[in-house]
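**Student:** Take a look at this one; I'll ask things after.
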Amino acid sequence: MYKRVLLKLSGEALSSDENALEPKVLKRLAKELKKVKETGVELAIVVGGGNFIRGKMMAEMGMNRSQADYMGMLGTVINALAVQNALEQEDVDTRVQTAVEMQKVAEPYILRRALRHLEKGRIVIFGAGTGSPYFSTDTTAALRASEIDADVILMAKNGVDGVYDSDPKKNPEAKKFDHLSYMDVLNKGLQVMDSTAISMCMDNDIDLVVFNMNEEGNILKAVEQKVNGTVISR
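Numbering (the numbering used here), first residue to last: 34 to 267.
In structure tokens form, the structure reads like this:
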């Protein structure tokens, strides 16, 4: 079993058709993360903000890209606080750290403090991306995982159980990969993470596990290396 993991959650995974933040989804997620914590694994989380806004998409609609990305960062902080609240309702000790300082809301991101929280058994949730525009939360996950020396990044997907050679929702003949190298992902142009994030994982030798978070118990299975997903490594 891994000792220290970073879980990447998309913003959409926290939403439903009716709500940008779905209380039932958050409650189920918190209960599952509590089980993960009880195994003794040190757990950090990077959460996206796509349930509120996507900076790149807003830029394509005519908005200034930097401004749009900062709006997206604020969306990730909202999600981070929502996950924190759900975890604390399950009596799980957490800390939110943000790359954009907002001290009345959360701690500023300080690596040594984050490591100390992990060592004390707290779940650390990283919000506001890298704090700079033009970088995705996928890149944030790769960066934070490298900084905290995580063993693996768990990519929790919303309804997709791994990496395929084409979109399985559109192509019933799509082939799923059980194992890939990072060069395979880059050469095949597979849409797992953006190329910056993939390169950072490869350079720092961090494994990536892609799995479906909608199946109950899958996060714990991913930590135990028993999940039915796709493993990407050097």
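By construction, the Cβ of each residue, glycine as well, lies at the ideal position given by its N, Cα and C atoms.
1) From the DSSP output, in three-state form, read off Arg87 for me.
2) Between which two residues does the beta strand (DSSP E) holding Leu40 run?
3) Run through DSSP, which three-state label would Thr170 get?
4) If we ignore side chains and look at the alpha-carbon of each, how far apart do Leu54 and Gly250 end up?
5) Given Leu219, which residues of its chain have a CB within under 7 Å of its CB, disregarding the five upstream and five downstream residues?
6) Under 8 Å between the Cβ atoms of Lys68 and Leu253?
7) Between the Cα of Arg177 and the Cα atoms of Ile158, Lys57, Glu140, which residue gives the shortest distance?
8) For Asp240, which residues in the same chain have their Cβ closer than 6 Å to its Cβ, ignoring the five residues on either side in sequence?
9) Below 8 Å CB to CB, which residues in the same chain sit around Lys57 once its five sequence neighbours on both sides are set aside?
10) With H, G and I counted as helix, E and B as strand and the rest as coil, what does DSSP make of Ile231?
11) Restricting to Cα atoms, I'd like to know which of Gly108, Glu121, Leu59 is closest to Ala14.
12) For Pro56, which of helix, strand or coil comes out of DSSP?
13) CA-CA distance, Lys137 and Ser214?
14) Is the distance from the Cβ of Lys41 to the Cβ of Glu75 below 8 Å?
15) If you run the structure through DSSP and keep just helix, strand and coil, what is Val116?
16) Specify, as a first and last residue, the run of the beta strand (DSSP E) that Met188 falls within.
17) For Thr72 and Lys190, what's the separation of their Cα atoms in angstroms?
18) Name the one or two DSSP bridge partners that Gln130 has.
**Tutor:** Let me spell this out:
1) As a working note, residue 87 is residue 54 in the sequence shown. Three-state DSSP puts Arg87 in coil, outside helix and strand.
2) Walking along the sequence shown from the start, residue 40 turns up at place 7. Where Leu40 is concerned, the enclosing beta strand (DSSP E) stretches over 37 to 42.
3) Walking along the sequence shown from the start, residue 170 turns up at place 137. Helix.
4) The count along the sequence shown starts at 1 and reaches residue 54 at position 21. The count along the sequence shown starts at 1 and reaches residue 250 at position 217. Between Leu54 and Gly250, the alpha-carbon positions lie close to 21 Å from each other.
5) For this step, residue 219 is matched to residue 186 along the sequence shown. Counting only Cβ-Cβ distances below 7 Å, and skipping sequence neighbours, we find Ser228, Ile231.
6) Walking along the sequence shown from the start, residue 68 turns up at place 35. Walking along the sequence shown from the start, residue 253 turns up at place 220. Their beta carbons are under 8 Å apart, which means Lys68 touches Leu253 by this criterion.
7) Numbered from its first residue, the sequence shown carries residue 177 at position 144. Ranked by Cα distance from Arg177, the first of Ile158, Lys57, Glu140 is Ile158.
8) Locating residue 240 in the sequence shown gives position 207, where the first residue counts as 1. Closer than 6 Å at the Cβ level, and outside the excluded window around Asp240, lie Val185, Ser266.
9) As a first step, residue 57 is located in the sequence shown; it is residue number 24 there, counting from the start. Contacts found: Ser49.
10) Position 198 of the sequence shown holds residue 231. The answer is helix: DSSP assigns Ile231 an H, G or I state.
11) Residue coverage of the chain in this structure runs from 34 to 267, which leaves residue 14 outside it and unanswerable.
12) The residue labelled residue 56 in the question sits at position 23 within the sequence shown. Here Pro56 sits in helix by DSSP.
13) Taking the first residue of the sequence shown as 1, we reach residue 137 at position 104. Taking the first residue of the sequence shown as 1, we reach residue 214 at position 181. Looking at the two C-alpha atoms, the distance is approximately 42 Å.
14) For this step, residue 41 is matched to residue 8 along the sequence shown. For this step, residue 75 is matched to residue 42 along the sequence shown. No, the pair does not count as a contact, with Cβ atoms beyond the cut-off.
15) As a position in the sequence shown, residue 116 is number 83, starting the count at 1. Reduced to three states, the DSSP call for Val116 is helix.
16) As a position in the sequence shown, residue 188 is number 155, starting the count at 1. That run of the beta strand (DSSP E) goes 185 to 190.
17) Taking the first residue of the sequence shown as 1, we reach residue 72 at position 39. Taking the first residue of the sequence shown as 1, we reach residue 190 at position 157. The straight-line gap from Cα to Cα measures roughly 22 Å.
18) If you number the sequence shown from 1, residue 130 lands on position 97. Residue pairing of Gln130 in beta bridges, as defined by DSSP: Glu140, Phe159.
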